[in-house]
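Asker: My structure is below; once you've seen it, I'll send some questions.
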Amino acid sequence: MTSHEPIESAGPVGAEPQATASSPDKSPSVEKPPFDQYAVRAGEPAVGHRRAPEPARRSFGQVLREELWADNNVTVTILAIVLALFCGGILMIIGNAELREQWSYFFYQPGKTLAESWDFVSTAYGDMFKGSVVNPDTANRWYWDMAPWQQVFYPITETLTYAAPLIFTGLAVAVPFRAGLFNIGGQGQAIMGAIGGGTVGLALSTTPWLQVPLGLIAGALLGGLYGYLVGILKARTGAHEVILTIMLNYIAALFLGWYILQEGIKDPNRPDAISKPIAASGYLPKLIPDPLLRANLGIILAVLAAAGVAWLLKRSRFGFELRAVGHNPSAAATAGIGVGTTLALTMALAGALAGLGGTSVALGTAPALTGDMLGQIGFNGILVALLGRVRPWGVVGAGLLFGALQAGGNTMQNFSGVSQELVVVIQALIVLFVAAPALVKTIYRLRRSPAAAAQAMVAKG
Numbered sequence: 031m032t033s034h035e036p037i038e039s040a041g042p043v044g045a046e047p048q049a050t051a052s053s054p055d056k057s058p059s060v061e062k063p064p065f066d067q068y069a070v071r072a073g074e075p076a077v078g079h080r081r082a083p084e085p086a087r088r089s090f091g092q093v094l095r096e097e098l099w100a101d102n103n104v105t106v107t108i109l110a111i112v113l114a115l116f117c118g119g120i121l122m123i124i125g126n127a128e129l130r131e132q133w134s135y136f137f138y139q140p141g142k143t144l145a146e147s148w149d150f151v152s153t154a155y156g157d158m159f160k161g162s163v164v165n166p167d168t169a170n171r172w173y174w175d176m177a178p179w180q181q182v183f184y185p186i187t188e189t190l191t192y193a194a195p196l197i198f199t200g201l202a203v204a205v206p207f208r209a210g211l212f213n214i215g216g217q218g219q220a221i222m223g224a225i226g227g228g229t230v231g232l233a234l235s236t237t238p239w240l241q242v243p244l245g246l247i248a249g250a251l252l253g254g255l256y257g258y259l260v261g262i263l264k265a266r267t268g269a270h271e272v273i274l275t276i277m278l279n280y281i282a283a284l285f286l287g288w289y290i291l292q293e294g295i296k297d298p299n300r301p302d303a304i305s306k307p308i309a310a311s312g313y314l315p316k317l318i319p320d321p322l323l324r325a326n327l328g329i330i331l332a333v334l335a336a337a338g339v340a341w342l343l344k345r346s347r348f349g350f351e352l353r354a355v356g357h358n359p360s361a362a363a364t365a366g367i368g369v370g371t372t373l374a375l376t377m378a379l380a381g382a383l384a385g386l387g388g389t390s391v392a393l394g395t396a397p398a399l400t401g402d403m404l405g406q407i408g409f410n411g412i413l414v415a416l417l418g419r420v421r422p423w424g425v426v427g428a429g430l431l432f433g434a435l436q437a438g439g440n441t442m443q444n445f446s447g448v449s450q451e452l453v454v455v456i457q458a459l460i461v462l463f464v465a466a467p468a469l470v471k472t473i474y475r476l477r478r479s480p481a482a483a484a485q486a487m488v489a490k491g
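When we follow our numbering, the leftmost residue of the sequence shown carries the number 31, and every step to the right adds one.
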């Protein structure tokens with residue numbers, strides 16, 4: 031009979047044997063202590079729990095590099111301007127007879143064709159820069175006492191002169207747009223402002239410290255009343271503001287043509303339709319008192335108006351009501367906001383701004399009232415507002431850009447022979463590309479902006 035060693039108990043039948051330290055595939059089970067939420071110190075992770083990793087802080091340089099070639103508003107706007115200038119260069123080549131003939135020999139002389147085309151386009155855009163910002167040749171001559179200093183500042187003062195009324199009329203479009211209105215009547219409102227300010231300049235001849243403010247008030251008041259008429263009709267009858275403002279543009283233009291022919295207004299020494307000269311005491315003071323430089327107080331007033339509109343929209347009660355009506359008129363009315371009153375006052379403010387734009391021309395650069403003294407500043411103000419994305423400081427930047435294009439376009443036409451109408455085409459192309467950001471993103475292959483993606487995630491909750 032063989033002896034058997036005692037067999038140790040293996041536990042209940044069917045139970046899995048406990049793991050031993052010598053097992054190659056299992057380790058000894060360690061019982062986790064119970065989690066006590068009250069024993070966790072503030073700022074320390076609980077036992078058995080990992081703290082979520084904190085997001086790494088990015089430096090300003092990293093953020094700048096990520097946003098530099100992304101589809102943010104600044105990059106899209108700059109690239110839209112570059113694309114518009116490229117298309118403008120193509121139009122310059124097409125419009126030049128010598129270059130068209132040279133392009134017929136492209137496959138025979140490709141290098142010469144491209145070189146001549148580049149020289150012509152770069153020279154034309156160089157002349158535009160010299161006529162709108164600064165002419166390096168003139169600055170060099172002034173440095174060597176061969177030219178007066180006024181000639182150095184002449185290009186930039188011309189840009190400021192053209193930009194002032196465009197900023198006013200651009201604001202006249204941007205403010206109603208935030209309230210859900212599309213003001214196309216900036217041209218008519220500017221005409222009425224020019225009539226108001228010009229009439230004060232014709233009727234009075236007192237000290238400039240009194241006459242200039244009276245002219246500005248008259249222009250803003252008459253333009254504001256013209257805009258208020260649109261707001262009242264919109265609020266009371268529901269008439270569409272686009273139709274109203276278009277028709278009022280024609281009425282204002284015809285009224286100006288009739289007004290300057292009236293006795294006491296028309297210049298008796300001139301056979302054409304022109305008013306008497308405006309009194310010198312009624313002109314806006316110049317920034318630099320020199321006959322060669324035309325920049326005046328209008329540009330400072332335009333920047334101050336933009337600052338006031340920015341504060342009004344962001345900080346004031348009326349600005350909140352204006353934006354609320356623009357987002358949802360029904361909800362604004364339910365909250366107790368007078369929608370009709372807000373619309374009427376918004377159009378009145380827009381008319382006053384456009385009226386100041388017309389006044390800045392009548393009392394700034396125009397020697398007298400004429401039928402075409404304002405050009406198309408009201409309609410160009412729509413382009414300025416769209417390029418500035420209907421924001422006050424964006425309108426200022428867009429107004430300066432369009433003013434530079436107009437000032438430089440005159441120099442480009444005089445020296446390079448490129449038609450001034452091409453500047454209008456470039457302006458339209460800039461607004462076209464800005465209004466179609468998807469096209470710009472596709473052409474330049476822009477990636478998604480991290481900041482825009484983060485805002486979208488926050489908006490989704």
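Glycine included, C-beta positions come from ideal geometry on N, C-alpha and C.
None of these values were measured; they are calculated from a predicted model.
#1: Take N165 as the anchor and find which of V182, W174 and D149 has the nearest alpha-carbon.
#2: Excluding the 5 residues preceding and the 5 following A154 in the sequence, name in chain order all residues of the same chain whose CB lies nearer than 7 Å to its CB.
#3: Taking 8 Å as the cut-off, decide whether the C-beta atoms of I330 and A193 are in contact.
#4: Could you tell me which whole alpha helix (DSSP H) segments of length 4 or greater appear in the segment 223 to 311?
#5: Helix, strand or coil for V43 per DSSP?
#6: Using only CA atoms, which one of E293, G294 and Y256 lies nearest to P276?
#7: According to DSSP, T400 sits in a beta bridge with which residue or residues?
#8: Starting from I460, trace the alpha helix (DSSP H) in both directions and tell me its first and last residue.
#9: What would DSSP say about N103, mapped onto helix, strand or coil?
#10: Determine the direct distance from the alpha carbon of A169 to that of L417, and round the result to whole angstroms.
#11: Apply the 10 Å Cβ neighbour rule to V453 and answer buried if 16 or more other Cβ atoms are within range, or exposed otherwise.
#12: For N213 and A224, which I take to be in contact (beta-carbon distance under 8 Å), what is that distance rounded to the nearest angstrom?
#13: How do the segment 382 to 400 and the segment 351 to 369 stand: do at least 3 beta-carbon pairs fall below 8 Å, yes or no?
#14: To the nearest angstrom, how far is it from the Cα of V470 to the Cα of G141?
#15: Which same chain residues end up closer than 7 Å to V339 when comparing Cβ atoms and leaving out the 5 residues on each side of it in sequence?
#16: With distances taken between CB atoms, is the gap from M377 to V272 smaller than 8 Å?
#17: Can you list the alpha helix (DSSP H) stretches of 4 or more residues lying completely in the segment 93 to 155, in chain order?
#18: If you compare alpha carbons, which of G401, A434 and L459 is closest to L413?
#19: Just to confirm my understanding: we take Q436, look at its own chain, exclude 5 residues before and 5 after, and list those with CB closer than 6 Å. What are they?
#20: So, are the CB atoms of G253 and G408 less than 8 Å apart?
#21: What is the rounded straight-line gap between the Cα of R475 and the Cα of A335?
#22: Going by Cα to Cα distance, which pick from G287, L379, L291 and V112 is closest to L251?
#23: Using the Cα positions of G17 and Y138, report the straight-line distance between them to the nearest angstrom.
#24: Could you spell out where the alpha helix (DSSP H) holding D167 opens and where it closes?
#25: In chain order, which continuous runs of the beta strand (DSSP E) of length 3 or greater are located wholly inside the segment 322 to 377?
#26: So, at 6 Å on beta carbons, what are the nonlocal neighbours of V320 in its own chain, with the 5 sequence-adjacent residues on each side left out?
#27: Under the three-state reduction of DSSP, which class applies to R477: helix, strand or coil?
#28: DSSP puts K316 in a beta bridge; with which residues?
#29: For A209 versus T372, is the C-beta spacing smaller than 8 Å?
#30: Per DSSP, what kind of secondary structure is S89 in: helix, strand or coil?
#31: What are the start and end residues of the alpha helix (DSSP H) that includes P185?
#32: List the whole-angstrom C-beta distance separating G215 from L278, where the pair is believed to meet the contact cut-off of C-beta under 8 Å.
#33: From E97 to I108, what distance separates their C-alpha atoms?
#34: So the alpha helix (DSSP H) N213 belongs to, where does it begin and stop?
#35: In chain order, what residues of the same chain have a beta carbon less than 8 Å from the beta carbon of A309, not counting five sequence neighbours either side?
#36: Specify the secondary structure class of Q406 as computed by DSSP and reduced to three states.
Answerer: The short version:
#1: On the sequence shown, residue 165 is found 135 positions in, with the first residue counted as 1. The candidate whose alpha carbon is nearest that of N165 is V182.
#2: For this step, residue 154 is matched to residue 124 along the sequence shown. Same-chain partners within the cutoff: M122, M442, S446 and V448.
#3: Counting from 1 along the sequence shown, the entry for residue 330 is found at position 300. Counting from 1 along the sequence shown, the entry for residue 193 is found at position 163. Result no, Cβ atoms of I330 and A193 do not sit closer than 8 Å.
#4: 238 to 267 and 271 to 289
#5: For the purposes of this step, residue 43 is taken as residue 13 along the sequence shown, with counting starting at 1. Any reading at V43 is ruled out, since the residue's pLDDT is 47, under 50, leaving its predicted position unreliable.
#6: Taking the sequence shown and counting its residues from 1, the one referred to as residue 276 is at position 246. Inspection of the sequence shows that residue 276 is occupied by Ile rather than by Pro. It is Y256 whose Cα lies nearest to the Cα of I276.
#7: Here residue 400 is taken as the residue at index 370 of the sequence shown, counted from 1. Answer by DSSP bridge pairing, in chain order: I304.
#8: Counted from its first residue, the sequence shown places residue 460 at position 430. Unbroken alpha helix (DSSP H) run through I460: E451 to A465.
#9: Taking the first residue of the sequence shown as 1, we reach residue 103 at position 73. Three-state DSSP puts N103 in a helix.
#10: If you number the sequence shown from 1, residue 417 lands on position 387. If you number the sequence shown from 1, residue 169 lands on position 139. Going by the C-alpha atoms only, they are around 32 Å apart.
#11: Mapped onto the sequence shown, residue 453 falls at position 423. By the 10 Å Cβ count, V453 comes out buried.
#12: As a working note, residue 213 is residue 183 in the sequence shown. As a working note, residue 224 is residue 194 in the sequence shown. Not confirmed; about 17 Å, so no contact.
#13: no
#14: Here residue 470 is taken as the residue at index 440 of the sequence shown, counted from 1. Here residue 141 is taken as the residue at index 111 of the sequence shown, counted from 1. So the alpha carbons of these two residues sit roughly 29 Å apart.
#15: Working through the sequence shown from its first residue, we reach residue 339 at position 309. For V339, where only same-chain residues beyond five positions count, the Cβ hits under 7 Å are L201, V205 and P422.
#16: Position 347 of the sequence shown, counting from 1, holds the residue named residue 377. Position 242 of the sequence shown, counting from 1, holds the residue named residue 272. Cβ distance not < 8 Å, so M377 and V272 don't count as in contact.
#17: 103 to 125 and 127 to 133
#18: For the purposes of this step, residue 413 is taken as residue 383 along the sequence shown, with counting starting at 1. Out of G401, A434 and L459, L459 has the C-alpha closest to the C-alpha of L413.
#19: Along the sequence shown, read from residue 1 onward, the residue named residue 436 stands at position 406. Contacts found: Y192.
#20: Counting from 1 along the sequence shown, the entry for residue 253 is found at position 223. Counting from 1 along the sequence shown, the entry for residue 408 is found at position 378. In this structure, the beta-carbon distance from G253 to G408 does not fall below 8 Å.
#21: By 1-based counting over the sequence shown, the position of residue 475 is 445. By 1-based counting over the sequence shown, the position of residue 335 is 305. Roughly 38 Å separates the two Cα atoms.
#22: Start at 1 with the first residue of the sequence shown, and residue 251 comes out as number 221. Out of G287, L379, L291 and V112, L379 has the C-alpha closest to the C-alpha of L251.
#23: A query on residue 17 cannot be resolved here, the shown segment of the chain reaching from 31 to 491 and no further.
#24: Against the sequence shown, residue 167 aligns to sequence position 137. Its alpha helix (DSSP H) spans residues P166 to Y173.
#25: With a minimum length of 3 residues, no continuous beta strand (DSSP E) run stays inside the segment 322 to 377.
#26: Start at 1 with the first residue of the sequence shown, and residue 320 comes out as number 290. According to the sequence as given, residue 320 is Asp; it is not Val. Q180, listed in sequence order.
#27: Walking along the sequence shown from the start, residue 477 turns up at place 447. Three-state result, R477: strand.
#28: Locating residue 316 in the sequence shown gives position 286, counting from the first residue. Paired residues: N326.
#29: In the sequence shown, counting from the first residue as 1, residue 209 sits at position 179. In the sequence shown, counting from the first residue as 1, residue 372 sits at position 342. Closer than 8 Å, so yes.
#30: Taking the sequence shown and counting its residues from 1, one reaches residue 89 at position 59. DSSP places S89 in coil when its eight states are reduced to three.
#31: On the sequence shown, position 155 is the one that residue 185 refers to. From DSSP, the alpha helix (DSSP H) with P185 extends over W179 to R208.
#32: On the sequence shown, residue 215 is found 185 positions in, with the first residue counted as 1. On the sequence shown, residue 278 is found 248 positions in, with the first residue counted as 1. Rounded, the Cβ-Cβ distance is 5 Å, consistent with contact.
#33: Indexing the sequence shown from 1 puts residue 97 at position 67. Indexing the sequence shown from 1 puts residue 108 at position 78. Going from the Cα of E97 to the Cα of I108 covers about 13 Å.
#34: Counting from 1 along the sequence shown, the entry for residue 213 is found at position 183. Counting along the chain, N213 falls outside any alpha helix (DSSP H), and DSSP gives it neither H nor E.
#35: As a first step, residue 309 must be located in the sequence shown, where it is residue number 279. Correct list, in chain order: G231, L232, L234, S235 and Q241.
#36: In the sequence shown, counting from the first residue as 1, residue 406 sits at position 376. It is coil, neither helix nor strand.
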